[in-house]
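Trainee:
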Amino acid sequence: METRAPYIIIGAFILAAIGAVFGFVYWLNNTAGLGRRATYHVQFEGSVSGLLVGASVLFNGIKVGEITELGLVPDHPRQVNATIAVAEKTPVRRDTKVGLEFQGLTGVPVIALEGGKETSSTEPVGILIAEAGAGQSMTQAARDALRRVDSVLSENADPLHSTIANLQTFSEGLAKNTPRLDGILAGVERMTGAVPAPRKTIYDLRAVADFPEPRKELRGQLAIPEPTAVVMLQTQRFLFAPGVERDGFAEAQWSDALPALLQAKLLQSFENFDIAHAPSRDGSDADRRLLIDLRAFRLGGVLDDIVAEISFSAKLADKSGHVVAARVFSVSTKLDRVDAAGAVAAFNDGFANVARDLVTWTAASL
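Read in order, the letters of the sequence shown are residues 4 to 369 in my numbering.
What follows is the structure, encoded as structure tokens:
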């Protein structure tokens, strides 16, 4: 008896374990799971790509069961039959809509049921027919849509070609008759009393052409990048110091933004000084770079004593960026008359002085 006791205990333990497993499965399928199930047959027309046995069944977005069986219909090659098991209390009716949904980033397909208008039914449901194209993925739907668009374009190729040709003819006619259209619009403006916007008067800065003799040759390759400046100076408008604003400058502007205008006129001045060794705009391979920081280019002064103020710093740097020479150039030139033309004349005189000094200083510092 003592020898048999351990075998009896082991056998009892194994039987208890098997019973516990069966009990757990029974509990999972009835109490903790979905409870009692109802089985329905679903019929699809066409491909159900990716649908698998065990995939979820959703009713109005809530999981109510899973697919228990999938099969083909030998007599109908396009049909696919599926058997689903759902919770017994799921309100599946004869008008329940059936489709496929593709969930997640991987697009896993599930059967999606959607409730209809019937609230109760005593008649058996029978076979649920899936909506046409239910098995069509988003990619396939996009391909079909593009195929239909291509078909429409192909069928209407001649009318589209004629429409484009007419548009081209119309645009060419507009281009040829632009002066006449301008005249018509001007006549309409005169009839309606509309005041046309005044045209801007463009002024340019004059480069320096005369330098004192003897002139020193520009040694090495020099580059003058576009000057740096604060946002206020990056404009074509005539600028004023606080308190000295004057009327008559709204329709006047410079030919370019002030930093670009200053760079262009300085390059021309250096060319007039020594055209054989003129500097360039690009300083990637230059021996020296003349770095300009624009500080002021405005009309200043007090009361009627208006002056044109130009101020900038200049730094001569080598290839490594080391500054070998630096200087600040400033000038104030009084206006003969306070209008746009008088201001431009004063700016030209002042620029001639500072540009001449800058060129001769640079030549001496190279």
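Yeah, the Cβ is synthetic: ideal placement off N, Cα and C, and Gly gets one too.
Identify, in the order they occur along the chain, each residue of the same chain with its Cβ nearer than 7 Å to the Cβ of A263, setting aside the five sequence neighbours on each side.
Mentor: Same-chain partners within the cutoff: E229.
Trainee: Assign L72 to one of three DSSP states: helix, strand, or coil.
Mentor: The amino acid occupying residue 72 in the given sequence is Glu; Leu does not appear at that position. Correct three-state label for E72: strand.
Trainee: Are three or more beta carbon pairs between the stretch 13 to 23 and the stretch 69 to 78 nearer than 8 Å?
Mentor: They do not touch, by the three-pair rule.
Trainee: Go ahead and pull the three-state DSSP assignment for N159.
Mentor: Reduced to three states, the DSSP call for N159 is coil.
Trainee: What did DSSP end up calling N387 once you bin it into helix, strand or coil?
Mentor: Here the chain comprises residues numbered 4 to 369, so residue 387 is not present and cannot be evaluated.
Trainee: Kindly indicate which three-state DSSP category R308 falls into: helix, strand or coil?
Mentor: Rather than Arg, the amino acid found at residue 308 in this sequence is Asp. Correct three-state label for D308: strand.
Trainee: Whole angstroms are fine: how far does the CA of G176 sit from the CA of L361?
Mentor: If you take the alpha carbons of L361 and G176, they lie about 54 Å apart.
Trainee: Identify the continuous beta strand (DSSP E) that holds L236 and give its terminal residues.
Mentor: Element bounds for L236: n/a, residue is neither H nor E.
Trainee: Select from V233, P80, H280, Q171 the residue whose C-alpha is nearest the C-alpha of R222.
Mentor: Looking at the Cα atoms, H280 is the closest of the given residues.
Trainee: Express the C-alpha separation of L293 and R249 in angstroms, rounding to a whole number.
Mentor: Rounded to whole angstroms, R249 to L293 spans 35 Å at the Cα level.
Trainee: Identify whether G176 lies in helix, strand or coil by the three-state DSSP scheme.
Mentor: In the structure shown, G176 sits in a helix (DSSP, three-state: H, G or I).
Trainee: For the alpha helix (DSSP H) containing P262, list its first residue and its last residue.
Mentor: It spans 261 to 276 - the alpha helix (DSSP H) in which P262 sits, taken as one unbroken run.
Trainee: Within 8 Å, do at least three Cβ pairs link the stretch 212 to 227 to the stretch 301 to 312?
Mentor: Verdict: no, contact absent.
Trainee: What distance in whole Å lies between the Cβ atoms of E121 and L61, which are believed to be in contact at a cut-off of 8 Å?
Mentor: At roughly 19 Å, the Cβ-Cβ gap does not stay under 8 Å, so L61 and E121 are not in contact.
Trainee: Quick check on DSSP: helix, strand or coil for E134?
Mentor: Note: E134 maps to coil in three-state DSSP.
Trainee: Relative to the C-alpha of P127, which candidate in A355, R97, V357 has its C-alpha closest?
Mentor: Closest by alpha carbon: R97.
Trainee: Alpha carbon to alpha carbon, how far is E69 from N159?
Mentor: Their Cα atoms are separated by approximately 48 Å.
Trainee: Under three-state DSSP, which class holds H44?
Mentor: Strand at H44.
Trainee: If we call anything under 8 Å between Cβ atoms a contact, is Q239 one with Q256?
Mentor: Contact flag set, yes.
Trainee: Could you check whether K337 and D296 sit closer than 8 Å to each other, using their CB atoms as the reference points?
Mentor: Result no, Cβ atoms of D296 and K337 do not sit closer than 8 Å.
Trainee: Please classify R39: is it buried, with 16 or more other beta-carbons within 10 angstroms of its beta-carbon, or exposed?
Mentor: It counts as exposed.
Trainee: Under 8 Å: do the stretch 347 to 366 and the stretch 311 to 331 share three or more Cβ pairs, one atom per stretch?
Mentor: Result yes; three or more Cβ-Cβ pairs closer than 8 Å.
Trainee: Considering S335, what are the terminal residues of the beta strand (DSSP E) in which it resides?
Mentor: S335 -> beta strand (DSSP E) spans 326 to 337.
Trainee: Would DSSP call T93 helix, strand or coil?
Mentor: T93: coil per DSSP, three-state reduction.
Trainee: So what's P228 in DSSP terms, helix, strand or just coil?
Mentor: DSSP places P228 in coil when its eight states are reduced to three.
Trainee: Can you tell me which of Q106, G324, L306, I65 puts its alpha carbon nearest to the alpha carbon of R291?
Mentor: When each option's Cα is compared against that of R291, the closest is G324.
Trainee: Cα separation between E220 and S272?
Mentor: Whole-angstrom Cα-Cα distance: 14 Å.
Trainee: I'd like to check one pair, I205 with S258: are the Cβ atoms closer than 8 Å?
Mentor: Against a cut-off of 8 Å, the Cβ pair of I205 and S258 comes out as a contact.
Trainee: Note down, in chain order, each residue of its chain lying with its Cβ closer than 6 Å to the Cβ of V2, except the 5 sequence neighbours on either side.
Mentor: Past the edges of the chain, shown from 4 to 369, lies residue 2, and the structure says nothing about it.
Trainee: Between which two residues does the alpha helix (DSSP H) carrying A346 extend?
Mentor: Where A346 is concerned, the enclosing alpha helix (DSSP H) stretches over 343 to 368.
Trainee: Looking only at C-alpha atoms, which of A329, P80, I167 sits nearest to F47?
Mentor: For the residues A329, P80, I167, the minimum Cα distance to F47 belongs to P80.
Trainee: I need the straight-line Cα distance from A358 to A189, nearest angstrom please.
Mentor: Distance between the alpha carbons of A358 and A189 is about 45 Å.
Trainee: Less than 8 Å between the C-beta atoms of D288 and Q224, yes or no?
Mentor: Their beta carbons are under 8 Å apart, which means D288 touches Q224 by this criterion.
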